[in-house]
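Numbering (numbering that gives the first Met the number 0), first residue to last: 0 to 433. I have placed the structure first, in the form of structure tokens, so that the comments after it can refer back to it.
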Amino acid sequence: MVDMVAIIEKKKNGLALSQQDIAAWVRGVYGGTVPDYQSAALLMAIRLRGMNAEETTALTLEMAYSGSAADLSAIPGVKVDKHSTGGVGDLTSLVAVPLAAACGVPVAKMSGRGLGHTGGTLDKLMSVPGMQIDLTMEQFMDQVQRIGCAIIGQTGELAPVDKVLYALRDVTATVDSLPLIVSSILSKKIAAGCDAILLDVKTGSGALMPTLHESVLLAREMVRIGKLAGRRMMALVTDMDQPLGHNIGNALEIVEAADILKGCDHGRASQLCLEVAARMVMLCFGSDHETAHAQVHSALVSGAGLKKLGQMLREQGGNSNVLQNYALLPAVAQRVAVRAEQDGFISSLQAQKLGLAAKALGAGRGSKDENVDYAVGIVLHKQVGDRVSRGEPVAELYVNETDRLEEVQQMVRSAITISADAPEPSPLIYEIIE
């Protein structure tokens, strides 16, 4: 029998929990013998008192193996996963995964759906007609072994205790606890069976962690705990004050990803996708940055990355012809321009506001049960630093339902700041933690 009162008391007094304490708690949650109110009390004690590295590692591993963890050992080589903490116009996985796979990296990726103002990789893939993201573990492993990559949804039994604890954190004001964030993210990644993890930790107005200090702390702690858990780790801290790409919305981001893989320069989006893919190559093969970047660039220029994305779509039932014929993707009833109200320079594009505007059009969901309109979204014709003239289209709304159109137009206008002077360029990558 778990003595939860003693465990709660221990953490309340600022003492470190033993591995046995944490194992007893997690297994009690999984078995249903620990009531929610006691878990909630312990979560609050952790939020207030914190956890050391050993405690966080123990919690991560206990949650990772609380359900059915994937065993990818039959797949040769170092299997790599990539995780983003969430952003707006963040199509990185759609480009970096096939590029890395085209370089010989086995990429076994489990992704999530979008929630709130952030987009989800699964929703973007589901905009491709016929695409299947609910593969069995056997199908998942077979596909990675045969073609080098797969992106699927998380199975119901993957780190199930994390789902329970996350729901409790959401209603007990304990979401912002660093050790609980780290263990939640890494437990799912470790349960997915990869040997190496590349983390893209966003910072800025559209990120989970709005300040650079908080984002760097999170990235460093995830790298430290991941290494203690026996995984190869690397993290990039990247900008999310403005959307990463030009397109915000599910089918729209498939279009932009295909354009990038065809060699079109999409600025910051292209730059980050290539950097993430190169870092995945480094984690897999232990190569230096220059060599890895050259490999990725070669896969881009040769078209191997685009070919790999098409192969992955076909393997999972999707119509890969969408990569050449964008008209095969879901379409909208109308497009509405948002025009500049003055001359000047774009000095900011607030990512969170633009993400919420796309959500209001139907591109995102407020709860896990809401449906998504895969066709709608926003295309940004201008980026931060670009000169604009009064009346010039700055953005274009892709619209089906017009009930909230006027509201969305105002949301987009409020997200765009035009100044007389050009702004100083902001970094795309703030820090790299290896």
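Glycine is no exception: its CB is placed at the ideal position from the N, C-alpha and C atoms.
Item	Value
Beta-carbon separation of Leu-260 and Leu-427 under 9 angstroms?	no
Let me know if His-212 comes out buried or exposed under the rule of 16 or more other beta-carbons within 10 Å of its beta-carbon.	exposed
Indicate whether Asp-342 and Ala-191 have their beta-carbon atoms separated by less than 9 angstroms.	no
Please report the straight-line C-alpha distance between Glu-391 and Lys-306, rounded to a whole angstrom.	37 angstroms
Are the region 129-143 and the region 0-14 touching by the rule of at least three beta carbon pairs closer than 8 angstroms?	no
Does the Cβ of Asn-246 have 16 or more other Cβ atoms within 10 Å, making it buried, or fewer, making it exposed?	buried
What residue does the alpha helix (DSSP H) around Ala-234 start on, and which one ends it?	Looking at the DSSP string, Ala-234 is not in any alpha helix (DSSP H); the run it does join, the beta strand (DSSP E), is 231-238.
Pairs of beta-carbons, one from the region 125-133 and one from the region 277-297, closer than 8 angstroms: are there three or more?	no
Over the uninterrupted alpha helix (DSSP H) stretch that includes Thr-55, give me the two end residues.	52-63
Is the beta carbon of Leu-207 less than 9 angstroms from the beta carbon of Met-221?	no
Let me make sure I understand the geometry here. Which of Ala-339, Ser-17, Leu-157 and Met-279 has the alpha-carbon closest to that of Glu-53?	Ser-17
Take Arg-334 and list the residues in its own chain whose beta-carbon comes closer than 8 angstroms to its own, dropping the five residues that flank it on each side.	Glu-395, Leu-396, Tyr-397 and Val-398
Between the C-alpha atoms of Arg-219 and Thr-84, what's the straight-line distance to the nearest angstrom?	14 angstroms
Bridge partners of Val-335, per DSSP?	Leu-396
How about Gln-241: is its Cβ closer than 8 angstroms to a heavy atom in the ligand GTP?	With respect to small molecules bound, the structure shown includes none, and the ligand GTP cannot be examined in it.
Measure the C-alpha to C-alpha separation of Asp-264 and Pro-159 and round it to an integer number of angstroms.	41 angstroms
Helix, strand or coil for Val-94? Go by DSSP, reduced to three states.	helix
From Leu-235 to Val-200, what does the alpha carbon distance come to, in whole angstroms?	6 angstroms
Which value, in whole angstroms, describes the spacing of the CA atoms of Ile-150 and Gly-30?	30 angstroms
Could you tell me the boundaries of the beta strand (DSSP E) in which Ser-346 lies?	343-348
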